[in-house]
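2 protein chains.
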Amino acid sequence: MPRRTDTRDRMLSTAAELFHTQGYHATGLNQLLSAGAAPKGSLYFHFPGGKEQLAAEALAISGGRLRDALADVLDRANGLGAAVEMMIDFLATTLEDSDFQRGCPLSTVALDAAGSEPIRQACVEGFGSWQALLENALTAEGVAADRAESLAVTTLAAVEGALLLAKTRRDSAPLRAVAAHLRETVERELS
Amino acid sequence: MPRRTDTRDRMLSTAAELFHTQGYHATGLNQLLSAGAAPKGSLYFHFPGGKEQLAAEALAISGGRLRDALADVLDRANGLGAAVEMMIDFLATTLEDSDFQRGCPLSTVALDAAGSEPIRQACVEGFGSWQALLENALTAEGVAADRAESLAVTTLAAVEGALLLAKTRRDSAPLRAVAAHLRETVERELS
DNA sequence: CGCAAACTATGACGACTGGTCTAGTTAGTT
DNA sequence: AACTAACTAGACCAGTCGTCATAGTTTGCG
Chain A
1 MPRRTDTRDR MLSTAAELFH TQGYHATGLN QLLSAGAAPK GSLYFHFPGG KEQLAAEALA
61 ISGGRLRDAL ADVLDRANGL GAAVEMMIDF LATTLEDSDF QRGCPLSTVA LDAAGSEPIR
121 QACVEGFGSW QALLENALTA EGVAADRAES LAVTTLAAVE GALLLAKTRR DSAPLRAVAA
181 HLRETVEREL S
Chain B
1 MPRRTDTRDR MLSTAAELFH TQGYHATGLN QLLSAGAAPK GSLYFHFPGG KEQLAAEALA
61 ISGGRLRDAL ADVLDRANGL GAAVEMMIDF LATTLEDSDF QRGCPLSTVA LDAAGSEPIR
121 QACVEGFGSW QALLENALTA EGVAADRAES LAVTTLAAVE GALLLAKTRR DSAPLRAVAA
181 HLRETVEREL S
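Chain order of the listed sequences is A and B.
Numbers 1 to 191, taken from UniProt numbering, label the letters of the first sequence in order.
Numbers 1 to 191, taken from UniProt numbering, label the letters of the second sequence in order.
Right, here's the structure in full:
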């Protein structure tokens with residue numbers, strides 16, 4: 001079933017961008033549509049579930065994108081510690097280049113739309129996929145399963161928190177500090 | 001000029017509660033006022049700066065409250081590692097008891113109202129005050145200043161991230177995992 | 001080719017809530 | 001009783017999300 005227009009995709013990527021930088025409630029449908037995405041009526045054609053469905057799908061895309069980026073870094077880097085550092089470096093650059101607008105693409109919405117089950121679910125899956133990647137990388141290096149899990153959560157948490165602090169302070173120093181610490185921690189774990 | 005009502009204070013504490021659980025944009029003035037806080041007109045008498053000022057002041061209060069709690073734990077606990085673990089335990093309990101509504105009182109607003117300078121500033125100060133407490137505790141134990149700073153940021157970041165994950169997953173496991181890891185890290189640093 | 005059926009697009013509309021502010025009432029002081 | 005500071009009610013309109021009737025476009029089939 002070939003698609004005939006790219007409207008749906010345009011909407012999704014505009015939505016991903018706006019929800020990423022502003023959060024769920026701060027992003028109005030009008031803004032989203034007037035951002036060149038589409039006329040109003042089209043939204044409810046492509047997303048019968050309205051704003052909520054649009055957000056959930058946009059988050060799934062954002063989550064997947066970051067997951068791919070992480071998988072890539074994990075492949076390329078030599079050493080897990082280095083990979084984590086590279087990943088954080090990438091996040092810091094993205095944040096700085098966007099004038100401290102683009103932090104974690106999920107966290108803002110995860111917090112401000114925690115009441116919506118579909119949205120929450122999308123975030124759970126996004127976070128989960130990132131964590132799983134870290135966990136696998138750790139077990140591949142010989143770390144025991146339960147230890148790998150708790151180390152992966154901690155790493156993910158530290159990165160998320162650093163993104164929050166960096167965005168709030170408009171200064172990527174927290175990310176750099178956390179990067180160094182995590183590298184240390186990971187490398188000690190593997191030795 | 002004697003005050004005749006406690007309206008202003010009631011507004012602040014209701015605001016603190018709602019912004020804490022819902023964030024800035026998701027919290028409407030109507031909801032806030034009908035939550036028994038006050039009649040509508042009073043808002044702009046007590047807070048000429050409107051919603052923005054109300055939020056900034058409410059955040060300052062929330063930040064101060066948590067700061068005090070942290071200072072208290074840091075005093076009472078025997079050992080810094082234990083203190084961190086106790087603090088996280090307190091946060092986990094608060095989160096669970098509120099049906100996973102009350103995470104960090106600043107982070108939601110910090111992310112979803114990052115565009116407002118007064119609000120951002122209030123968050124910067126709140127986070128800063130928590131970090132300073134940790135930093136002092138570390139240097140008091142003989143950790144070098146720069147090392148103490150980066151360890152304090154990392155600790156704060158990990159806790160914030162864990163709160164985010166726990167709230168999103170509706171499961172405090174991330175907090176428990178991070179608590180154990182941080183205790184380990186802190187105690188290694190001091191030995 | 002020609003036609004019907006399915007698909008996609010459109011923006012005016014409505015019910016409602018958002019934050020703001022002015023005009024007014026109440027209470028304390030002299 | 002007059003004055004002033006403390007407070008409040010509700011009007012206001014821009015903006016919210018969602019609905020709908022209508023129109024246009026593409027596809028498959030006879």
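Glycine included, every Cβ here is placed at the ideal spot set by N, Cα and C.
Next on the checklist: Using only the alpha-carbon positions, how far apart do residue 133 (chain B) and residue 169 (chain A) sit?
Outcome noted: 18 Å
Checklist entry - Are the C-beta atoms of residue 111 (chain A) and some chain B residue less than 7 Å apart? => result yes
Next on the checklist: I need the DSSP call for residue 30 (chain B), collapsed to helix, strand or coil.
Outcome noted: helix
Checklist entry - Who are the neighbours of residue 20 (chain B) on chain A, taking C-beta pairs under 9 Å? => result Neighbours of residue 20 (chain B) on chain A: none; closest Cβ ~11 Å, over 9 Å.
Item to check | Euclidean distance between Cα positions of residue 146 (chain A) and residue 22 (chain B) | outcome: Distance from the CA of residue 146 (chain A) to the CA of residue 22 (chain B), rounded to the nearest whole angstrom, comes to 34 Å.
Checklist entry - Between the beta-carbon of residue 158 (chain B) and the beta-carbon of residue 174 (chain B), is there less than 7 Å? => result no
Checklist entry - For residue 165 (chain A), which residues in chain B fall below 8 Å Cβ to Cβ? => result 127, 153, 156, 157, 160
Checklist entry - What residues in the stretch 18-49 of chain B have a beta carbon less than 7 Å from any beta carbon of chain A? => result 23, 25, 26
Next on the checklist: Whether or not the stretch 32-45 of chain B and the stretch 112-119 of chain B are in contact is what I'm after, with contact meaning three or more pairs of Cβ atoms, one per stretch, closer than 8 Å; do they touch?
Outcome noted: no
Item to check | Host alpha helix (DSSP H) of residue 37 (chain A) (start-end) | outcome: It is not in any alpha helix (DSSP H) - residue 37 (chain A) carries neither H nor E in the DSSP assignment.
Item to check | Under 7 Å between C-beta atoms of residue 164 (chain B) and residue 106 (chain B) | outcome: no
Next on the checklist: Alpha carbons only, please: which of B:34, B:27, B:86 is nearest the one belonging to residue 176 (chain B)?
Outcome noted: B:86
Checklist entry - Would residue 19 (chain A) pass as a contact of residue 109 (chain A) if the rule is Cβ separation under 7 Å? => result yes
Next on the checklist: Against residue 108 (chain A), what residues of chain B qualify as contacts under a CB-to-CB distance less than 7 Å, listed in chain order?
Outcome noted: Against chain B, a Cβ distance below 7 Å from residue 108 (chain A) picks out 111, 112.
Next on the checklist: According to DSSP, simplified to helix, strand and coil, what is residue 44 (chain A)?
Outcome noted: helix
Next on the checklist: Whether or not the stretch 135-154 of chain A and the stretch 87-99 of chain B are in contact is what I'm after, with contact meaning three or more pairs of Cβ atoms, one per stretch, closer than 8 Å; do they touch?
Outcome noted: no
Next on the checklist: In the DSSP assignment, the alpha helix (DSSP H) including residue 153 (chain A) goes from what residue to what residue?
Outcome noted: 145-169
Next on the checklist: Tell me the residue span of the alpha helix (DSSP H) that contains residue 63 (chain B).
Outcome noted: 50-76
Checklist entry - If you drop the 5 nearest sequence neighbours on each side, which residues of the same chain put their C-beta closer than 6 Å to that of residue 54 (chain B)? => result Taking residue 54 (chain B) as the centre and dropping the five residues before and after it, the same chain places the C-beta of 15, 47 closer than 6 Å to its C-beta, in chain order.
Checklist entry - Under a Cβ-count criterion, where at least 16 other Cβ atoms within 10 Å of its own Cβ denotes burial, should residue 172 (chain A) be classed as buried or exposed? => result buried
Checklist entry - In chain A, what lies closer than 8 Å to residue 180 (chain B) by C-beta? => result 150
Checklist entry - Terminal residues of the continuous alpha helix (DSSP H) containing residue 129 (chain A)? => result Judged by DSSP secondary structure, residue 129 (chain A) falls within the alpha helix (DSSP H) whose first and last residues are 117-140.
Checklist entry - Is it buried or exposed for residue 190 (chain B), if we count other Cβ within 10 angstroms and need 16 for buried? => result exposed
Checklist entry - Can you tell me whether DSSP reads residue 100 (chain B) as helix, strand or coil? => result In this structure, residue 100 (chain B) counts as coil in the three-state DSSP scheme.
Checklist entry - Taking the Cβ atom as the reference point for each residue, do residue 113 (chain A) and residue 112 (chain B) lie within a distance shorter than 7 Å? => result Cβ atoms of residue 113 (chain A) and residue 112 (chain B): not closer than 7 Å.
Checklist entry - How far does the alpha helix (DSSP H) with residue 106 (chain A) in it reach, from first residue to last? => result That residue, residue 106 (chain A), is in no alpha helix (DSSP H); it is neither H nor E in DSSP.
Next on the checklist: Assuming contact is defined by CB atoms lying nearer than 7 Å, are residue 91 (chain A) and residue 137 (chain A) in contact in what I supplied?
Outcome noted: Pairing residue 91 (chain A) with residue 137 (chain A) gives a Cβ-Cβ distance that is not under 7 Å.
Checklist entry - What is the DSSP secondary structure of residue 13 (chain B), counted as helix, strand or coil? => result Three-state DSSP puts residue 13 (chain B) in a helix.
Next on the checklist: The alpha helix (DSSP H) that contains residue 177 (chain A), what's its start and end?
Outcome noted: 173-190
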